[in-house]
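Each remark here refers to the structure printed beneath this line.
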Amino acid sequence: MSAPETPQSAAYDSAFLKACRREPVPHTPVWFMRQAGRSLPEYRKVREGIPMLESCMRPELVTEITLQPVRRHNVDAAIYYSDIVVPLKAIGIDLDIRPGVGPVVENPIRTRADLAQLRDLTPEDVSYVTEAIGLLTRELGPTPLIGFAGAPFTLASYLVEGGPSRTYENAKAMMYGDPQLWADLLDRLAEITAVFLKVQIEAGASAVQLFDSWAGALAPVDYRRSVMPASAKVFEAVEGYGVPRIHFGVGCGELLKDMGEAGADVVGVDWRVPLDEAARRVGPGKALQGNLDPTVLFSSTEAVEAKTREVLDSAEGLEGHVFNLGHGVMPSTDPDALTRLVEYVHTQTTR
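This is how it looks when you write it as structure tokens:
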């Protein structure tokens, strides 16, 4: 008697998961960070009048938004529509996502007493995630769904600063000035993040991506000492599920090896480092993801194809390559440019 099919087994032989496992692929798989939403008019229509965080808590709306780019662009994987601060909101942190600003935290964490705000996350806190992923995997069939979470450093940056920052002065002041408080904060965030990813995998996500969006603000020695242990704890917590684990940060060219060593199976690369050089820095045994500059999509089709060709040439001979942008889709991107890009990568790389 064969084992019952799970959402993960339905997608197991997809080009995306094969590339993550560094196996031969029929074509280079493509998906885009922030493909769910942002640039699509159909996304803006269904989101009209609904605040960002509320939209993340409506399973049917999450399902529709996650599916929109799969329908439109023929991408090789869906990325779950959510936000990195959702688990923080779910445990009662007083925060909101303000249009044009980003996440704003009402009571920033600056002292040991403030850590009490961070209670454990339970699956019941995010039951809407389980429901939405159940709906999605039934619709997606053999198309993999990528779950995701914010990495402990990036979440800590928002919590300590109280919102987005260019300098991370409060977060770094804590990291340098009270390393034990900093370590305890990141450890607690690692536990919350691990539960959030486990919920997504157990509901049917076929891969997960940890976004350390702001890790590029760190020197390698500080990353290794003060940040990498918490990210490694997250990756270790989900290792037993056997799904690919992707690690991505912006401006992290100097950290690529360390980000791989934190426990990733796939290392995301932004547009600043060519993939062949990234492979040299990361070392063997990892697939790479990336890395077309998102702003290239505002240029002519010929220019997009030429720059895409550069990425594909740079990826020649990699153990595994998932084509993506070097950061998220920008809101004013022409959706048709994304559709053409997917088709171009597929036709250029068909084996």
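In this note's numbering, the protein residues as written are 109 to 459.
Glycine included, each C-beta is placed from N, C-alpha and C at the ideal position.
Treat the numbers as computed from the prediction; the structure is a model and nothing was measured.
Residue range 287–311 is occupied by the alpha helix (DSSP H) that includes residue 292. Every unbroken stretch of the alpha helix (DSSP H) spanning 4 or more residues and falling wholly within the segment 180–235 is given here in chain order: 194–198.
Secondary structure at residue 315: strand, using DSSP grouped into helix, strand and coil. Residue environment for residue 158: exposed (fewer than 16 other C-beta atoms within 10 angstroms of its C-beta).
Here residue 388 is not bridged, per DSSP, to any residue. Scanning its chain for C-beta atoms nearer than 8 Å, with the 5 sequence neighbours on each side dropped, one finds around residue 250 the residues 118, 119, 121, 122, in chain order. Of the other Cβ atoms in all chains shown, 16 or more fall within 10 Å of the Cβ of residue 358; this residue is therefore buried. Counting the other CB atoms within 10 Å of its CB gives residue 172 a total of 16 or more, which places it among the buried residues.
With 16 or more other Cβ atoms inside 10 Å of its own Cβ, residue 334 counts as buried.
In the DSSP assignment, residue 368 falls within the alpha helix (DSSP H) that extends over 364–369.
Excluding the 5 residues flanking it on each side, residue 273 has same chain C-beta neighbours closer than 7 Å at 265, in chain order. Just measuring C-alpha positions, the residue of 312, 255, 244, 326 sitting nearest residue 113 is 312. When rounded, the separation of the alpha-carbon atoms in residue 242 and residue 301 is 20 Å. By the C-beta density criterion, residue 184 is buried, having at least 16 other C-beta atoms within 10 angstroms. Around the beta carbon of residue 211, 16 or more other beta carbons lie within 10 angstroms, which makes this residue buried. Residue pairing by DSSP puts residue 353 in a beta bridge opposite 316. Within the segment 379–435, the complete alpha helix (DSSP H) segments of 4 residues or longer fall at 383–390, 409–422, listed in chain order. Judged by their CB atoms, residue 298 and residue 342 are nearer to each other than the 9 Å cut-off. Within the segment 233–270, the complete beta strand (DSSP E) runs of at least 3 residues fall at 253–258. Closest by C-alpha distance to residue 230, out of 305, 287, 457, is 305. For residue 453, the uninterrupted alpha helix (DSSP H) segment begins and ends at 443–457.
The continuous stretches of beta strand (DSSP E) do not include residue 358, and DSSP gives it neither H nor E. Here residue 452 has 413, 416 as same chain residues with Cβ atoms under 7 Å from its own Cβ, once five neighbours each way along the sequence are excluded.
According to DSSP, residue 157 shares a beta bridge with no other residue.
Sequence-distant partners of residue 289 (beyond 5 residues in either direction) whose C-beta falls short of 7 Å from its own C-beta, in its chain, are 220, 282.
Its chain contains 379, 434 as the residues whose beta carbon lies nearer than 6 Å to that of residue 401, once the 5 sequence neighbours on both sides are disregarded; these appear in chain order. Counting only residues of its own chain and dropping the five nearest sequence neighbours on each side, residue 420 has a CB closer than 8 Å to the CB of 136, 431, 453, 456, 457. Nearest Cα to residue 238 within the set 324, 189, 399: 189. By the CB criterion at 9 Å, residue 381 and residue 361 fall inside the cutoff. Per DSSP, residue 342 lies in no beta strand (DSSP E) segment; the continuous alpha helix (DSSP H) that holds it begins and ends at 336–346. Residues 352, 373, 395, 428 of the same chain have their beta carbon placed closer than 8 Å to that of residue 129, with the five preceding and five following residues left out of the count. Residue 332 has its alpha-carbon roughly 25 Å from the corresponding atom of residue 436. Spanning the alpha carbons of residue 397 and residue 233 requires a straight line of approximately 31 Å. Taking all protein chains shown into account, residue 411 has fewer than 16 neighbouring C-beta atoms within 10 Å of its C-beta and is therefore exposed.
By the Cβ-count criterion, residue 296 is buried, with 16 or more other Cβ atoms from all chains shown falling within 10 Å of its own Cβ.
Assigned with DSSP and collapsed to three states, residue 145 falls in coil, not helix or strand.
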